[in-house]
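Working notes, structure below.
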Amino acid sequence: MAFTAHPEEVARLRRVVRLRLTAWGQDDLVDAAQLCVSELVSNIVTHVGAGTPASLALSTGGGRLRVEVHDPDTRALPTLVDAELDAEGGRGMALVAALADRWGVQVYDDHKVTWCEFVVRASESATPGGEPSVERADALLDVYATLKPPACSYDRESGRVRRRVEEESVIDMVTDLLHRLRARGGDVDRVLDCAQSRLEGARRPLSP
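Sequential numbering of the sequence shown, starting at -8, is according to this note's numbering.
As structure tokens, then:
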């Protein structure tokens, strides 16, 4: 998919990644792939220039998911640096290296391709329970993340997005919804009680 490298394009690309990976049954890789795409596109904006024509390609094969970002600059090559924790920049490719199983850069005469790959694990590919409520929540979180991205917390050992990132996003979204409800005179306590009751009811098995 062709795009123009602007920060505003990241939200659209994240949605494309979620839709495609969900269609392929690779829900477990959505968060990591989205973060990698965000970093790779931001890298073009920062080091090649805003407005650069680029493209995103997703593919599967050989037990791997491959993410590619193409851009026309063959000189500005992504590098992995050991940035300090409080540094304002330099951690983008370190994040990609931590999230993906491997990454690299291919340089051609007229463009370069920065790519990363994830091992597809069949046992993790399905959305838990396949429930519509889970799928709706995924869609809401994806939209919410474009408005208020969570802190990029990652684990170098496991190479996967920490559960804490997802939990922080849920907490932020629920808190904002409750703030809105209270500002309009709604009963926050009643809503929380009802939500808790419905959650507990969903956990109980149906009677034969």
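For each residue, glycine too, the CB sits at the ideal point set by N, CA and C.
Item, Value
"Helix, strand or coil for residue 111? Go by DSSP, reduced to three states.", "coil"
"Any idea if residue -5 is buried or exposed, counting beta-carbon neighbours within 10 angstroms, 16 or more meaning buried?", "exposed"
"What do you reckon, are the CB atoms on residue 15 and residue 58 nearer than 8 Å?", "no"
"With DSSP as the reference, please indicate the residues paired to residue 52 in a beta bridge.", "55"
"According to the Cβ coordinates, are residue 87 and residue 97 closer than 8 Å?", "no"
"Would you tell me roughly how many angstroms separate the C-alpha atoms of residue 207 and residue 110, rounded to the nearest one?", "For the chain, the structure presents residues -8 to 199; residue 207 sits outside this window and is missing."
"Using a 10 Å radius around the Cβ and a threshold of 16 neighbouring Cβ atoms, would you call residue 27 buried or exposed?", "buried"
"By alpha-carbon positions, which one of 60, 69, 187 and 186 ends up nearest to residue 4?", "60"
"For residue 44, is the classification buried or exposed, using 16 other Cβ atoms within 10 angstroms of its Cβ as the cut-off for buried?", "exposed"
"On the criterion of 16 or more Cβ atoms from any shown chain inside 10 Å, does residue 145 qualify as buried, or is it exposed?", "Interpretation of residue 145 is limited by its pLDDT of 41, a score under 50 that renders its predicted location unreliable; no figure is taken from the coordinates."
"Roughly how many whole angstroms lie between the Cα atoms of residue 29 and residue 21?", "12 Å"
"Rounded to a whole number of angstroms, what is the C-alpha to C-alpha distance between residue 176 and residue 166?", "15 Å"
"Judging by CA-CA distance, which residue of 56, 127 and 70 is the nearest neighbour of residue 23?", "56"
"On the DSSP letters alone, give me the boundaries of the alpha helix (DSSP H) that residue 89 sits inside.", "83 to 90"
"Opposite residue 61 in the DSSP bridges: which residues?", "46 and 104"
"What is the DSSP secondary structure of residue 17, counted as helix, strand or coil?", "coil"
"Comparing C-alpha positions only, which one of 92, 0 and 35 sits nearest to residue 69?", "35"
"Pick from 169, 1 and -7: whose alpha carbon is nearest that of residue 183?", "169"
"Measure the alpha-carbon distance for residue 94 versus residue 125 and round it to whole angstroms.", "31 Å"
"Assign residue 70 to one of three DSSP states: helix, strand, or coil.", "coil"
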